[in-house]
C-alpha cells in the first residue's frame, strides 16, 4: 500500500471571498449593486406583501392599489415591525402595528396615532430601492443612488411583433429546483464551461438535451469588452456544422441558447444568476417567443422524467447541473481546485469579475453600465448557428 | 426617481443589550432574578420530571411523592446525566444512571453505589432554586439567596369567596400561541402602547376585542413608584365614559383589564411576561373568577376564528399581537427606531427598567421587593371603569 | 428555606477538550488516527457511492467493479464536486462533472476533457485513506502513512470452524438507535462503570438484561498494558459464582461479554466506539457465532418491548444506556463532575487515554500498535465465567 496522497494532513481549505460574497460592502457585492438586478417575477408583486431576499438583504415587495410595485426595507422605521404584515392601500403600504403609511418609494404619508396625523412626515422615510419591470421580471438597483445607470435595452428583446411576447422561466438553470443552495458564482461560471455538457449531460447521465450535443466539439473562448464568449463547433451527422455560441456579461448575465436546439440562429433568451445570499442562488431567464407556443424544453433525467420524479438514489445515478453545482458545497473551496486546460473559460470569467470589482472599489464605474438611454443597448451574439460548411 | 432615503449604505443595526439580555450576569437578567417569577403551571409539576427553560437556564421541575415541587439544575452533580430521566420517589428524585437521590432542595440523601450508601452525603448538593405555588402557577426565585424577597401578595387576589377561584390562562398575550419566538421586552412594553389597539386590533384587522375599543381615546401615562400606568378615556355610544387603566410593574408584571370588556371595574387578572431566553417569551395570566364561569374571551381574527385556524396568508391579512411583536424580529433593533409622541409610555417603561437594573448592578435592592410579609402587598389600580360623566 | 447550594452564581461549566475532540490535529483525534478504525459495514460499500463521516471528516466510500472498496475525500481534486454523485466503473469512480476517474487509492487515471485525456495524470491524486475489510466491517487508517500499523488479529476471532461466522451488530451499545448524538468518550468510559448496571438497568428501569445481573457484585478494576479490565464477582442463586470480566483497550475498543448471559466462558464479541464527530457516536460489534443461530439478545424496556416502541414518556420512565449517555449532553461537562469511589474505572480509562495521547503528541507510537504481523495479536480475557466456588 503506498503512502502518497493520503487525506491525512491536508491543508485547511479556503475560498476566494472576493468572488463569492454578495453582502453590502463586499467587493463582489458592490460590483453586483452597480447593475439593475432581477429579484422577483412581476406576478409576485401583489397587494399581499412578499418578503424577498436579494444580495443578502431582506426586503418587502408589494404592488399598491394604483399598480405601482414598491420594494422597501422590511422593518418599519417607527418601531420595527415587518411590513410583511402591512396592509396595502391605494397609496402604499400601512404598517400593521401603528398604521404608518409609506408609498412605493418609502415616503411616509400618514402617522394616524401622532398629533395631526404627523406634523413632520417629511422627516421620515422608509429605506427603499427603485424598481423597474421588464419582461415579466421586477428589477431593482441596490447601489449608490448617484451611480444609478439607466435601465438597459437588450437587442434580442426589442421590436416585438404583435404575435410575440417575453415570458419568464425560472427553472431553467438547474433542470428542476428554482433555487439552489449554493453560491451564485459556481453556478455562473458553469456557463463558460462547455466541456461538462459531454460528460455530465451525456456520458454520465445519458443525453439530457439534444442528442447532437453529444458530439465532441472544438471549443474556444475569447474575452469581450464586457464579458466572455465561448464558441463550440460540432460537425453534425448530416454533414452540416453547428456553431454554438454562449456568453456571460459582467457581472451576472448569462446567455445560453437553448440546449435542446429547438431554436436555431441567434438566441431567443437570456438569464441572470440571482445571488439571493452567499449560499443561495436563483436563475431567471427571459424568453422571446410566439404567443401560444411553448417556451422551450427542459432537461430530461434517467428515462425522460423530470428532476422532481427521481429518488435520492436516482439523483446519484443521473446527476444534472443541480447536483454538480450544489455538490461543490455551499461555497466551493477554491484552494483545493486544480484548474486545467478545459477550465480556461472559468478562469477568464473570474479574472474579469475580480478586475471589475477592483474598479468599483477604486471609485470607478464598471463596464457595461450606461447613464443615458442611447448607450444602454446590449447586443447579443449567442446562438445555435447551423451552416453548410463542412 | 429621487435619490433620498435609499436602503443602500444604511448603518448596521443594533439593539440595547441591557434591555433584552436575560441570562445570568446581564443587567436585565440580574434585575429579573431579584423577583419571584412564574415559570410553569402547577399541573406541570408531577412525578414525571419536566425540563423547563427560564431566564436562559435549563432546569428540571418535578413533584415528589409527598407533593412538594422541586426545581433543580438538570445535570446530576455526580456524572452529569440529566435528571429529566430521573425517577421520582417519595423523598425526591433519583438519577437514572447511578441512583443518587436528591430532595426538592437539592440535598443528596442516597448514593447507593458508594460505600455505606455515601459517607459524606452532606458534601453533595444538587444546584437548586426555591419554589412557591400560587394561583395555579409555580414561581421561583433565581437570584442571590441573601437578597431573596418574601413572596408578594396581590390585593386583587386576596379574600377569595367560597365560590371564587384563581385560574391560569397561558394563551392570553398572543391571542393564540402560548410561546412567542421573540424577546420578552418587546412584548412587555406593548402594554404601555395603547395606540396600537385602534390600529392593529381594529383598523388593520377588524375588531379583535370589544367594539367600544374602536373609539379614539384620550391617552395619558404617568410614572408610579414601581411601574408605569396608562389611562385611556373614551366617550361611549350610550353617552357614558370608559376610563381604561393599564399598568406595568417592574420588572415584568403587566396588568391589562380584559379587552373584551366582559369585566368592568377593577381588573380581575394580572400577567407576567416570562423570559424563557433572549428570544423566547411566554405570558402567564392569573384570573380571579367565579367557579363554573368561563375565564375570559380571546381575540378574534378575520371572521371570528381563532388564531390557529388562519392560513399564512390570512395571518398577513389579519395580524394580531403575535404577528406585530414577533414581526419586530427575534430581538427588535432599537438603533433603527424613531420613537414618536405616541410612544411615550414605551419610553417610560424602558427608562424605569434601565434605572432599576443600574440599582441592582450597584448592589442595591430594586423597587417593589419586600423582605417581610407586611410590606409585600401589591395594590392594583388597573380596570375598565365606566362612569356617567360625559 | 436555606441558602446553601443554590443554582445562582454557579461557575460556567467546561469539558476536557483533550478527551473529547476527534478532529485532525487534536490530541485525542491524533491518538485515534494511529489505529485501524471501523467506519462502515461491508455491505454499505457498493457501486452507489456513500458519504460517510468519521473522526469529523467527510469521506466517500464505494466499491469498484472489481470488488475493491475505496475511501476518498469527497471533493473532486479538479473542481470540487462531490464524488457522492460519481459514477462507479470497473476501474474506480468517475466525477460526474468533467469525468475525471480515480481508482480506489485516489490515482487519477482519466481526464476526458483534457488533451490526450490528461498528459500528466501522475500529478493528480484524489486524497484517500486505505481500507481493510474484516468481520463484516470496513476499517480505515486515517493517520500519518509512515506510522501505519499492520491490521491487528483478534484471538477470539481466529480459527473459525466451517459452521462459524463473524457478523456485525450495530445496535448493540444503545439498545436501540445505532447512532447516538453525544461524544464518543462518555459512551466509551461507560464500559468501565459496572455499577450502573444495577441502578440503570435494574433498579430504575426493571431488569433489561439477565436477571442474575441484579445481584450486587464485588467490583474491581486493574490497569492492563493496553487498557483497563474490570471484574465483577456475583454469588448466583444456585450457589455458583459468576465472574464477569469486561475490558477496554486504547483507544476505543470495548469488550463486553453479552449481558444477557446467553454466552458463558470467554466472550464471543468485541466492539468499537466509533467517533463520527465530536457529538456523534456509533458503536459496531463483531460477534462470532454458529451459522444459523441468532447473534445475541438485546435490552428489553418496560414490559419487554424494544427501544423504538416506547413513547417519550416511557423513555423517561424506562431509561437505558441511550438516555443515560445522551442525557449527559452532546459533550459531558467534566468541570461539574464529582467522581466518587465507584468511578475508579472511569478515571483509569481517562488517565490512560490522556497519557497515550501525550505519547503521540510527543512523536511516539502509542500502546497496542504493531508494525509486523507477528506482534499484532490482541488477546482477549473478557467473559462470563461461572465456577462452582462459593
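Chains as they are written, first to last, in my numbering: chain A, 9 to 398; chain B, 9 to 398; chain C, 9 to 398. Just so you know, even glycine gets a beta-carbon here, dropped at the ideal spot from N, CA and C.
Nearest CB-CB separation between residue 34 (chain A) and chain B: not below the 8 angstroms threshold. With 16 or more other CB atoms across the displayed protein chains lying within 10 angstroms of its CB, residue 377 (chain B) is buried.
If you look at residue 248 (chain A), you'll find it isn't in any alpha helix (DSSP H); DSSP assigns it neither H nor E.
Where residue 323 (chain C) is concerned, there is no enclosing beta strand (DSSP E), although the alpha helix (DSSP H) around it starts and stops at 320-325. In terms of beta-carbon proximity, residue 86 (chain A) lines the interface with chain B, with at least one pair separated by less than 8 angstroms. Taking a Cβ-Cβ cut-off of 8 angstroms, the neighbours of residue 93 (chain B) in chain C comprise 323, 324, 327, 331, 332, 335, given in sequence order. Following the DSSP letters along the chain, one finds residue 196 (chain C) inside the alpha helix (DSSP H) bounded by residues 192-196.
Collapsing the DSSP output to three states places residue 156 (chain C) in coil. Interface flag for residue 106 (chain B) against chain A is unset, since no Cβ pair is found closer than 8 angstroms.
DSSP lists B:236 as the beta-bridge partner residues of residue 231 (chain B).
Our two residues, residue 219 (chain A) and residue 295 (chain C), have alpha carbons roughly 53 angstroms apart in a direct line. Using a CB distance cut-off of 8 angstroms, residue 161 (chain A) does not count as an interface residue toward chain B. Contact annotation: in the region 121-145 of chain C, residues whose CB is within less than 7 angstroms of a CB in chain A are 121, 122, 123, 132, 133, 135, 136, 137, 138.
When rounded, the separation of the alpha-carbon atoms in residue 105 (chain C) and residue 255 (chain A) is 20 angstroms.
DSSP, reduced to helix, strand and coil, places residue 77 (chain C) within a strand of the structure shown. Annotation: the continuous beta strand (DSSP E) that includes residue 47 (chain A) extends over 45-49. When DSSP states are grouped into helix, strand and coil, residue 93 (chain C) belongs to the helix group.
Between residue 353 (chain A) and residue 238 (chain A), the gap from beta carbon to beta carbon is short of 8 angstroms. Think of a sphere of 9 angstroms around the beta carbon of residue 279 (chain C): no beta carbon from chain B falls inside it, the nearest being about 20 angstroms out. Residue 309 (chain A) sits in a strand when the DSSP states are folded into three classes.
With a threshold of 8 angstroms between beta carbons, residue 204 (chain A) makes contact with chain C.
Look at residue 223 (chain A): its C-beta is not under 8 angstroms from any C-beta on chain B. Comparing alpha-carbon positions, the option among A:341, A:194, A:189, A:78 lying closest to residue 135 (chain A) turns out to be A:78. Among the CB atoms of chain C, one or more fall inside 8 angstroms of the CB of residue 89 (chain B). Counting of Cβ neighbours within 10 angstroms places residue 277 (chain A) among the buried residues, the total reaching 16 or more.
Boundaries of the beta strand (DSSP E) around residue 61 (chain B): 58-62.
Put simply, the CB of residue 56 (chain B) is near chain C, with a gap under 8 angstroms to one of its CB atoms. Residue-level contact check: residue 199 (chain A) does not touch chain C, since none of the beta carbons of chain C fall below 8 angstroms from its beta carbon. For a Cβ distance threshold of 9 angstroms, residue set 83, 88 of chain C lies close to residue 341 (chain A), ordered along the chain. At a cut-off of 8 angstroms between beta carbons, residue 75 (chain C) makes no contact with chain A. For residue 283 (chain A), the enclosing beta strand (DSSP E) begins and ends at 277-285. Here residue 14 (chain C) carries a strand assignment [DSSP, helix/strand/coil]. The residue among A:42, A:160, A:240 with its C-alpha nearest the C-alpha of residue 154 (chain A) is A:42. For residue 119 (chain B), a Cβ of chain C is located within less than 8 angstroms of the residue's own Cβ.
Beyond the five residues adjoining it in sequence on each side, residue 240 (chain C) comes within less than 6 angstroms, by CB distance, of 202, 225, 227, 252 in the same chain, given in chain order.
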